[in-house]
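Residue numbers (the numbering used here): 18 to 560. Cβ atoms here follow ideal geometry from the backbone N, Cα and C, with glycine treated the same way. Bear in mind the structure is a predicted one, so any value in this text is a computation, not a measurement. Everything on this sheet refers to the single structure shown next.
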Amino acid sequence: MTTYGIDLGTTYSCTAFVDGTGRAAVTKNAVGNDTTPSVVYFESAHNVVVGEEAKNTALLYPDMVVSLVKRQMGTDARYEFHGRVHDPESVSALILRELARAAGEHARDKVEDVVVTVPAYFGVHEKEATRRAGLIAGLNVLDVVPEPVAAALHYQSLDAVSGVRHLLVYDLGGGTFDTTVIRVEEDDVRVVCTDGDHRLGGADWDHKLADLLLEVFTEHHPDPDPSGDEQFLQDVAAAAEQIKRSLSTRERARHNLRFAGSTVRMELARGDLEALTSDLMERTLTITARTLAAARERGVDSFDDVLLVGGMTRMPVVARSLRERFGFEPHLHEPDLAVAKGAALFALVRQVKNVMEEPGRDPAERARRAEEVGAALGITREEVERMARKTVTGVSPRAFGVKATDGTDPVFATDPGRARQYISHLIRANTPLPVTVEDGFATVWPDQEQVEIDVWEQAGSVASEELEHNVRIGDALLTGLPKGPAGTPFRIEFSLGATGMLAVRGWDPAGGGEIRFDIRIGGMGEEEVRRARDAIASIRTSG
């Protein structure tokens with residue numbers, strides 16, 4: 018019955034499970050490390066390498082390597098190698114397959130049931146793409162859980178919580194950033210609010226530093242132009258990451274860069290890096306301030322703990338900035354491993370709940386089943402029952418709405434088709450899940466018998482009704498409306514489930530016509546997922 022938690026990171030990934038003592042433990046990868054670079058080298062059409070070797074190979078064959086694929090999840094990006102085209106889900110599936118293979122080898126088990134983590138601020142496109150990646154990898158994805166929720170579950174497992182605690186999780190990883198306020202009790206983990214930027218992370222620090230290193234080298238040796246050599250640029254990128262890591266623990270770092278027979282000795286102080294990237298740090302503080310404001314609106318104005326999660330939080334500037342700006346005393350919470358460990362705990366809870374909550378069980382049957390589950394997991398019946406009681410409640414990280422026509426636009430009276438269009442949000446960001454909301458709308462043309470329901474999701478950092486600050490995620494046609502004057506009413510209902518699936522209903526309150534549809538994200542159906550899984554199954558992965 019072993020279940021696994023996978024932290025599918027932008028730059029590094031990690032896998033964990035709950036061991037016989039009830040503690041979450043990290044599985045080693047193929048080379049004995051806790052974390053695996055989220056990098057894929059397409060060696061041939063039927064063989065790929067994932068991890069450290071793939072990352073090193075990028076220095077020699079950069080055109081055959083994919084990194085930072087997490088930033089492309091939910092997009093229509095394409096990668097072509099050896100005559101095969103891969104989308105972000107398929108590349109992520111190869112990473113997941115190798116993580117599962119190595120974890121199974123380490124634990125002497127077959128990895129099948131998993132929970133995969135995503136940034137708290139991922140939208141429905143990115144979440145569903147992550148879920149599909151797991152299916153394409155041949156895994157049974159029990160759930161997709163936000164990273165800060167996983168970190169909070171791990172925190173809760175290490176510290177017996179009595180009463181209510183409020184946590185602020187500051188999660189700065191290799192490619193994403195978010196801050197989340199979480200309310201924790203013994204059997205309840207509840208997200209209060211969240212905010213973030215899934216295109217802000219350690220890779221952006223690396224890029225700034227790499228640009229500086231290239232500029233300094235070019236000043237010393239402009240001819241031949243080093244900026245046109247892809248292999249040298251990969252060397253610079255690797256040097257930038259190495260220097261950044263060194264400056265997390267040391268005041269100064271040195272590195273030699275070589276190109277076309279010339280060498281430049283680079284030396285950088287920690288303060289230099291902090292000054293160079295101060296705008297990136299400020300972006301995280303701005304988001305944190307927004308999160309704190311949202312928490313205050315919901316009655317939370319103090320925190321029992323401030324947790325630093327994600328490898329980038331090892332930089333001293335992070336804790337110092339939070340202390341100086343907000344008066345916090347944050348502490349590192351296993352920044353590289355906490356999310357995977359929490360995901361493993363969440364996976365176990367999900368599996369127990371799935372078994373214990375099967376319909377038709379009377380109390381005696383539940384007790385017997387709890388004994389069986391406990392024996393299989395090596396834990397007590399009481400622990401099984403406690404897990405079955407545990408609740409994890411999330412929020413909608415973004416707003417959802419429909420495209421509407423502005424009836425106050427002066428053009429509307431003569432030509433509604435040219436009037437301003439905007440997004441009317443039915444579900445607001447940070448609304449607790451699950452939630453169902455309905456609102457009334459009206460036709461804009463006389464004798465209008467059908468309405469296109471266009472569903473949009475907030476794309477910007479702050480909800481806005483302007484179309485350019487939102488992204489379209491689905492649509493359907495409500496037909497059979499009775500003929501009548503412009504302004505004939507109809508209603509739309511949004512139901513956003515705990516797993517993030519959005520169901521939409523539109524209906525005519527007078528005539529009874531109705532349409533229901535689930536938002537299928539990205540256009541990939543079950544058959545396409547099956548074909549992608551079969552294609553990936555023919556590729557051998559190694560680390």
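Unbroken beta strand (DSSP E) run spanning residue i, endpoints
{"i": "Tyr-172", "result": "Element bounds for Tyr-172: not the beta strand (DSSP E) but the alpha helix (DSSP H), 164-175."}
{"i": "Leu-185", "result": "182-189"}
{"i": "Pro-506", "result": "506-513"}
{"i": "Ser-30", "result": "29-35"}
{"i": "Asn-73", "result": "Segment 69-74 is the alpha helix (DSSP H) holding Asn-73; no beta strand (DSSP E) there."}
{"i": "Phe-276", "result": "269-276"}
{"i": "Ile-260", "result": "That residue, Ile-260, is in no beta strand (DSSP E); its alpha helix (DSSP H) goes 247-263."}
{"i": "Glu-97", "result": "96-98"}
{"i": "Val-428", "result": "Here Val-428 belongs to no beta strand (DSSP E), and DSSP marks it neither H nor E."}
{"i": "Val-206", "result": "205-214"}
{"i": "Ile-23", "result": "21-24"}
{"i": "Val-412", "result": "First-last for Val-412: undefined, no H or E at that position."}
{"i": "Ser-61", "result": "57-61"}
{"i": "Gly-523", "result": "519-524"}
{"i": "Arg-557", "result": "557-559"}
{"i": "Leu-443", "result": "438-444"}
{"i": "Asp-195", "result": "194-202"}
{"i": "Thr-53", "result": "52-54"}
{"i": "Gln-475", "result": "468-475"}
{"i": "Leu-85", "result": "Looking at the DSSP string, Leu-85 is not in any beta strand (DSSP E), and its letter there is neither H nor E."}
Of the residues the options, the one placed nearest residue i, counting alpha carbons only
{"i": "Asp-205", "options": "Gly-68, Glu-258, Trp-222, Val-366", "result": "Val-366"}
{"i": "Ser-263", "options": "Arg-207, Ala-392, Asp-223", "result": "Asp-223"}
{"i": "Arg-267", "options": "Gly-155, Thr-303, Ala-286", "result": "Ala-286"}
{"i": "His-142", "options": "Pro-105, Ala-119, Ile-153", "result": "Pro-105"}
{"i": "Val-281", "options": "Asp-432, Thr-303, His-237", "result": "His-237"}
{"i": "Ala-255", "options": "Pro-239, Asp-228, Pro-241", "result": "Asp-228"}
{"i": "Val-86", "options": "Gly-121, Arg-125, Ser-30", "result": "Ser-30"}
{"i": "Arg-300", "options": "Asp-322, Asp-24, Val-335", "result": "Val-335"}
{"i": "Arg-342", "options": "Ala-459, Glu-544, Thr-303", "result": "Thr-303"}
{"i": "Tyr-187", "options": "Ala-169, Leu-495, Glu-232, Val-468", "result": "Ala-169"}
{"i": "Arg-435", "options": "Gly-327, Asp-130, Val-461", "result": "Val-461"}
{"i": "Met-332", "options": "Glu-129, Asp-471, Leu-349", "result": "Leu-349"}
{"i": "Val-158", "options": "Thr-20, Gly-391, Leu-217", "result": "Thr-20"}
{"i": "Phe-417", "options": "Met-518, Ile-532, Val-546, His-123", "result": "Met-518"}
{"i": "Ala-493", "options": "Leu-354, Pro-241, Ala-503, Arg-533", "result": "Arg-533"}
{"i": "Gln-465", "options": "Asp-471, Ile-509, Leu-450, Asp-525", "result": "Asp-525"}
{"i": "Gly-316", "options": "Ala-306, Thr-453, Arg-200", "result": "Arg-200"}
Beta-carbon gap between residue i and residue j smaller than 8 Å
{"i": "His-171", "j": "Gly-359", "result": "yes"}
{"i": "Gly-497", "j": "Gly-457", "result": "no"}
{"i": "Val-67", "j": "Leu-111", "result": "yes"}
{"i": "Val-401", "j": "Ala-387", "result": "yes"}
{"i": "Pro-347", "j": "Leu-339", "result": "yes"}
{"i": "Pro-79", "j": "Gln-251", "result": "yes"}
{"i": "Thr-28", "j": "Gly-213", "result": "no"}
{"i": "Glu-164", "j": "Thr-196", "result": "no"}
{"i": "Phe-320", "j": "Leu-185", "result": "yes"}
{"i": "Gly-190", "j": "Arg-88", "result": "no"}
{"i": "His-63", "j": "Tyr-138", "result": "no"}
{"i": "Val-181", "j": "Val-198", "result": "no"}
{"i": "Thr-448", "j": "Thr-308", "result": "no"}
{"i": "Thr-420", "j": "Trp-473", "result": "In the sequence as displayed, the identity of residue 420 is Lys instead of Thr. It is a contact, given that the beta carbons lie within the stated cut-off."}
First and last residue of the uninterrupted alpha helix (DSSP H) at residue i
{"i": "Asp-423", "result": "Note, Asp-423: premise wrong, no alpha helix (DSSP H); not H, not E."}
{"i": "His-237", "result": "219-237"}
{"i": "Arg-398", "result": "398-406"}
{"i": "Arg-548", "result": "543-554"}
Within-8 Å CB hit, residue i to chain B
{"i": "Phe-249", "result": "The chain inventory of the structure shown lacks chain B, comprising one protein chain alone."}
Touching or not, the region 42-53 and the region 147-159, by the rule of three or more beta carbon pairs under 8 Å?
no
Enumerated in chain order, which unbroken segments of the alpha helix (DSSP H) with a length of 4 residues or greater are wholly contained in the region 102-164?
105-124, 141-153
With three or more beta-carbon pairs closer than 8 Å as the criterion, would you say the region 239-247 touches the region 276-285?
yes
Which whole runs of the alpha helix (DSSP H) in the region 286-362 are 4 residues long or more, in chain order?
287-293, 295-314, 333-343
The region 506-515 contacting the region 439-449, beta-carbon criterion three pairs below 8 Å
yes
Inter-stretch contact (C-beta, 8 Å, three-pair minimum) for the region 90-101 and the region 37-44
no
The region 550-559 / the region 481-493 touching (three or more Cβ pairs under 8 Å)
no
Is the region 99-117 touching the region 292-303 in the sense that three or more CB pairs, one from each, lie closer than 8 Å?
no
Unbroken stretches of the beta strand (DSSP E), 3 residues or longer, contained in the region 367-396:
none
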